[in-house]
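Residues in the sequence shown are numbered from 0 upward in steps of one, following numbering that gives the first Met the number 0.
Below: the structure, in structure tokens.
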Amino acid sequence: MKLLLILFTFLIQAKTLDELKNECMSSNANSCFEAAYLASHQGKQLEPLNLYESGCKLKDGKSCYAVDKIYKKLGQLDNDHKFLVLSCDYNFSLACYELGEIFFEKKSFLESLEVLENSCNLKNELACKRLAQIKPYFSKVVRSAEKDLNDEEKKDQANYLKLLKEKMAFLKKSCEGKEYKDCTKLSRDYLFLANLKEARKWAETSCNNQHDQGCLVLGEVEQKEGKKELSSFEKACDLENGVGCFRYAQSIEQGNLARAMTFYRRSCESKSNARASACYKYSYYHKTSPKLSKKFQLKACKLDKSLCQN
0 MKLLLILFTF
10 LIQAKTLDEL
20 KNECMSSNAN
30 SCFEAAYLAS
40 HQGKQLEPLN
50 LYESGCKLKD
60 GKSCYAVDKI
70 YKKLGQLDND
80 HKFLVLSCDY
90 NFSLACYELG
100 EIFFEKKSFL
110 ESLEVLENSC
120 NLKNELACKR
130 LAQIKPYFSK
140 VVRSAEKDLN
150 DEEKKDQANY
160 LKLLKEKMAF
170 LKKSCEGKEY
180 KDCTKLSRDY
190 LFLANLKEAR
200 KWAETSCNNQ
210 HDQGCLVLGE
220 VEQKEGKKEL
230 SSFEKACDLE
240 NGVGCFRYAQ
250 SIEQGNLARA
260 MTFYRRSCES
270 KSNARASACY
280 KYSYYHKTSP
290 KLSKKFQLKA
300 CKLDKSLCQN
């Protein structure tokens with residue numbers, strides 16, 4: 000449990016364990032995590048894992064990450080990264096970074112790129128640095144015409160495209176079988192290949208079937224298409240994805256600041272993937288109302304300790 004205490008140094012509100020557990024039972028994912036953290040700090044044995052698992056079921060990425068670490072510390076699931084995958088799916092950047100390194104070691108380069116990009120987009124500096132090292136080569140190899148590559152690059156290209164074709168065929172079949180998370184993955188692959196038409200098609204399938212991650216990808220497609228107001232991010236927000244709320248707010252901030260602030264607030268208060276930077280923006284916007292500003296500054300601080308250092 001000491002490893003978890005080192006990895007997760009979050010500010011816990013002055014609440015009792017029972018209060019946090021009650022909030023967890025009311026579907027507050029952050030309270031599940033905080034209750035687990037507090038229970039582990041109090042030396043409890045099994046309760047923290049159960050609470051982290053509850054948080055993970057509520058799509059809290061850091062809770063899923065904690066579950067992964069506990070099981071692996073116990074010598075279980077050493078080669079099974081399902082909780083790490085869930086953590087990344089729920090936008091916990093450290094999990095995406097670690098998955099990226101795992102995939103890279105297995106030479107699953109396209110999967111490595113995908114999760115490292117997710118991690119970097121979530122402001123993980125390690126992932127951004129790693130991408131800066133490897134992305135130029137992979138982008139060149141996958142997207143270039145054969146005549147523009149040397150012999151080694153041609154071999155890599157053939158290998159990557161073969162693997163990609165196999166992967167995408169599987170994802171397409173799975174998507175058509177109503178596994179909508181695989182529609183999202185398929186749309187990401189098409190987005191990587193700069194095929195916006197197919198990326199949109201499969202992202203729409205996912206998003207229209209209430210998969211929040213599909214709506215996020217559809218929002219990225221809209222960005223590539225040059226749209227000004229990215230409505231798919233708004234739909235991701237409506238599906239309780241804090242990242243969707245944040246990115247929609249960013250897309251409308253210049254044209255409608257007041258409306259953008261309502262979405263920054265929703266991002267800050269989201270039960271899933273709440274964004275500290277959204278809390279901070281909302282706090283600053285209300286700086287002339289000290290009580291309200293302080294409230295959201297503390298929320299930002301709770302979600303990201305680095306914002307509390309000064």
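For each residue, glycine too, the CB sits at the ideal point set by N, CA and C.
These numbers come from a predicted model, not from an experiment.
- Leaving aside the five residues that flank residue 204 on each side, the residues in its chain whose CB is nearer than 6 Å to its CB run, in chain order, 182.
- Around the CB of residue 96, 16 or more other CB atoms lie within 10 Å, so the residue is classed as buried.
- Between residue 37 and residue 18, the alpha-carbon positions lie close to 11 Å from each other.
- Around the Cβ of residue 117, a 10 Å sphere holds 16 or more other Cβ atoms; the residue is buried.
- Within the model, the alpha-carbon separation for residue 253 versus residue 260 is close to 11 Å.
- Of the residues 172, 229, 177 and 212, the one whose Cα lies closest to the Cα of residue 187 is 212.
- Within a 10 Å sphere around the beta-carbon of residue 307 sit fewer than 16 other beta-carbons, which makes this residue exposed.
- Two segments are said to touch when three or more pairs of C-beta atoms, one from each, lie closer than 8 Å; by this definition the segment 77-89 touches the segment 45-61.
- Restricting attention to 224, 207, 209 and 174, the CA atom closest to the CA of residue 190 is found in 224.
- Rounded to whole angstroms, the separation of the alpha carbons of residue 178 and residue 185 is 11 Å.
- Boundaries for residue 194: no alpha helix (DSSP H) harbours it, and the DSSP string shows neither H nor E there.
- In this structure, the alpha-carbon of residue 114 lies about 12 Å from that of residue 89.
- Note on geometry: alpha-carbon atoms of residue 280 and residue 263 lie some 7 Å from one another.
- In this structure, the beta-carbon distance from residue 277 to residue 244 falls below 8 Å.
- Separation of the CB atoms of residue 64 and residue 39 is rounded to 14 Å, and the pair is thereby denied contact status at 8 Å.
- For the set 119, 142, 274 and 301, the Cα lying nearest the Cα of residue 132 is the one of 119.
- Separation of residue 172 and residue 208 (C-alpha to C-alpha, rounded to the nearest whole angstrom) is 16 Å.
- The Cβ atoms of residue 59 and residue 271 sit closer than 8 Å to each other.
- In chain order, 162 place their CB closer than 8 Å to the CB of residue 107, counting only its own chain and leaving out the 5 sequence neighbours on each side.
- Counted as a single uninterrupted DSSP element, the stretch harbouring residue 228 is not any alpha helix (DSSP H), since DSSP gives it neither H nor E.
- With a 10 Å radius around the Cβ and a threshold of 16 neighbouring Cβ atoms, residue 283 comes out exposed.
- Note that the C-beta distance between residue 238 and residue 214 is below 8 Å.
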